[in-house]
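Remember, the numbering used here sits 1355 above the position in the sequence shown when you count from 1.
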Amino acid sequence: MVAATQTTTQQPRKITWAEIELSAAKKRTIQDVESGGPAYLVIHNKVYDVGQDTGFLAAHPGGAVVISQIGKDGSGAFEVFHTANAEAIMSEYYVGDLAEAEPTTELTKDIDQLRDTLIKSGAFESSKLYYLGKLIQLLSIVGLSFAIIAKWGTTSTLAVFVAGAILALFWQQSGWLAHDVLHHQLFKNRNYNNALGFVLGNVFQGFSVHWWKNKHCTHHSVPNVHLEDPDIDTMPFLAWSEHALELFTDMKDSDVAHFMVAYQPILYFPILAAARLAWAVSSLKYVFKGLVRDPTYALAEKATLILHWAIYLAATFTFCSPLRGLLYIFVSQTFCGILLAIVFSVNHNGMPVFTRKAASKVNFYELQIVTGRDVISTPFSDWFTGGLNYQIEHHMFPTLPRHQFHKAQPLVESLCKKHGIVYHKTTLWTGVVEIVQRLASISRLASKVRA
């Protein structure tokens, strides 16, 4: 690894924002960064080079998510994702100081103080019994699904349908627990979290850990930022903002795109039904195309994904007749797509979407708040969404354990009132209605653009 460091006898180089922003030009992929010269990002007024010949992307546990912060002040993203010793590790890539140091905003100071308050109260300590209970719940759900098809898989279509829906619920709830451990909410030792993540993600769901981390951490880094957040990169199927309509000209078949967007309020739920299978296929492609760069992890990814599909298909066609087996697969895949995607959608869809330029002018934490939607806490919403109904709090403190979100929520809402930041909170149903209304408004706008 080639280090990009300053010697102690030299005065730190002063680097301007013009240089930093220029270093980000045409750097959208790992290949771009590793072959395109310097790639600067700023953390607490210090400038780091993660570009060509530094070896940073190969060494970074979070992979390509750092690309979303090149050419920017990545202080906020750095704070929410990393442990206290990470800044010392980054010293290997330090190349200078920001030419004009920027003062810490009052909002950031208050959030730092809030984080300290939560730490001192023990809120960042997880309950191992709580998470053990969640794991037992998962095993009970999948056990029930398999027990039903073992008894009635060759004789009852209704039983197979119900069992498929139960398996869909198992996958959804596994997704929430995998999400928790891969955000390092459970153990202080991140290796333990990653190991459990392979069980909950790859084996239980068929979703690659590395594929998910790359996609999901980038979303956290730039939520609802057009052309940067992968969670709103859904054209030609769904357009979440007027900015997405600009992509019509880049579509190979713009007529199909225009049709999909014109009817997206109606097609929304059928599209959700296909989401889980689409993600599973995307995950397989990511792993088997060699995008996991560490050989040991790549082997673990392949083995655990193969194990998932082997168990799933073996159980299906051992216990079910061929046609009922196909029904079991269809119901489990489509129901899970809806169960997962409804929660994902309510988290951010229908909330403000920013261009890159507009987002660069917004405080990192404010961006997390105004692009998120909390769902009012009830026993059902807490369970059904896996705690993601506290979406704003989760984005501000990703390592805060799920069962502690309720402690942070009133403090965050109070902080937002103090700083005049919109804090949006609804019921689950109202959130879904808001999403469909946004899709309808974009659909109407698209018809005017085409006319």
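C-beta atoms are modelled at their ideal positions from N, C-alpha and C, and glycine is treated no differently.
Per the C-alpha coordinates, the member of Pro1756, Asn1704, Met1751, Val1777 positioned closest to Tyr1720 is Met1751.
Annotated three-state conformation of Ile1398 is strand, per DSSP. The bridge partners DSSP lists for Ile1370 are Leu1453. For Thr1781, the three-state secondary structure derived from DSSP is strand. Where Gly1519 is concerned, the enclosing alpha helix (DSSP H) starts and stops at 1512-1537. Ranking Val1767, Asp1737, Phe1699, Val1517 by CA distance to the CA of His1574 puts Phe1699 first.
Around the CB of Tyr1547, fewer than 16 other CB atoms lie within 10 Å, so the residue is classed as exposed.
Spanning the alpha carbons of His1581 and Val1420 requires a straight line of approximately 16 Å. The C-beta distance from Glu1442 to Leu1412 rounds to 18 Å, too long to meet the 8 Å contact threshold. Around Ala1514, the same chain offers Ile1503, Trp1507 as residues with beta carbons nearer than 6 Å, after the five sequence neighbours per side are excluded. When DSSP states are grouped into helix, strand and coil, Tyr1618 belongs to the coil group. Per DSSP, the beta-bridge partners of Asp1729 are Lys1780. The C-beta separation of Leu1537 from Lys1568 comes to about 6 Å, placing the pair in contact by the 8 Å criterion.
At the C-beta level, Leu1694 and Gln1468 stay beyond 8 Å of one another. In this structure, Thr1509 places its C-beta atom within 8 Å of the C-beta atom of Cys1675. The alpha-carbon of Ile1697 is positioned some 14 Å away from that of Gly1742. Assignment of beta-bridge partners to Asp1428 by DSSP yields Val1397. Nearest to Leu1487 by C-alpha distance, out of Thr1472, Glu1457, Ile1474, Leu1555, is Leu1555. Excluding residues up to 5 positions away in sequence, Glu1597, Leu1600 lie with their Cβ nearer than 8 Å to the Cβ of Leu1800 in the same chain. In this structure, DSSP gives Phe1542 a state outside helix and strand, which the three-state scheme calls coil. Cβ contact annotation for Thr1782 (same chain, cutoff 6 Å, sequence separation greater than five): Ile1731, in chain order. By the Cβ test, the stretch 1428-1438 is in contact with the stretch 1391-1408, since at least three Cβ pairs between them sit closer than 8 Å.
In this structure Glu1748 is buried. Its beta-carbon is surrounded by 16 or more other beta-carbon atoms within 10 angstroms.
DSSP, reduced to helix, strand and coil, places Phe1699 within a helical segment of the structure shown.
In the DSSP assignment, Phe1672 forms no beta bridge with any residue. For Thr1384, the closest C-alpha among the options Ser1482, Ile1491, Thr1371, Gln1424 is that of Gln1424.
Per DSSP, reduced to three states, the secondary structure at Tyr1403 is strand. In this structure, DSSP gives Phe1709 an extended state, which the three-state scheme calls strand. Secondary structure at Val1717: coil, using DSSP grouped into helix, strand and coil.
Between Met1706 and Thr1726, the gap from beta carbon to beta carbon is short of 8 Å. When C-alpha distances from Asn1544 are compared across Thr1472, Thr1651, Thr1438, the shortest belongs to Thr1438. Taking Val1647 as reference, the option from Phe1624, Pro1416, Ile1370 with the minimal CA-CA separation is Pro1416. Taking every protein chain shown into account, the CB of Ala1658 has fewer than 16 other CB atoms within 10 angstroms, so this residue is exposed. Apart from the 5 residues on each side of it in sequence, Ala1670 sits with its Cβ closer than 6 Å to the Cβ of Phe1501 in its chain, given in chain order. Between Cys1771 and Leu1681, the alpha-carbon positions lie close to 50 Å from each other. The DSSP-derived three-state label of Val1580 is strand.
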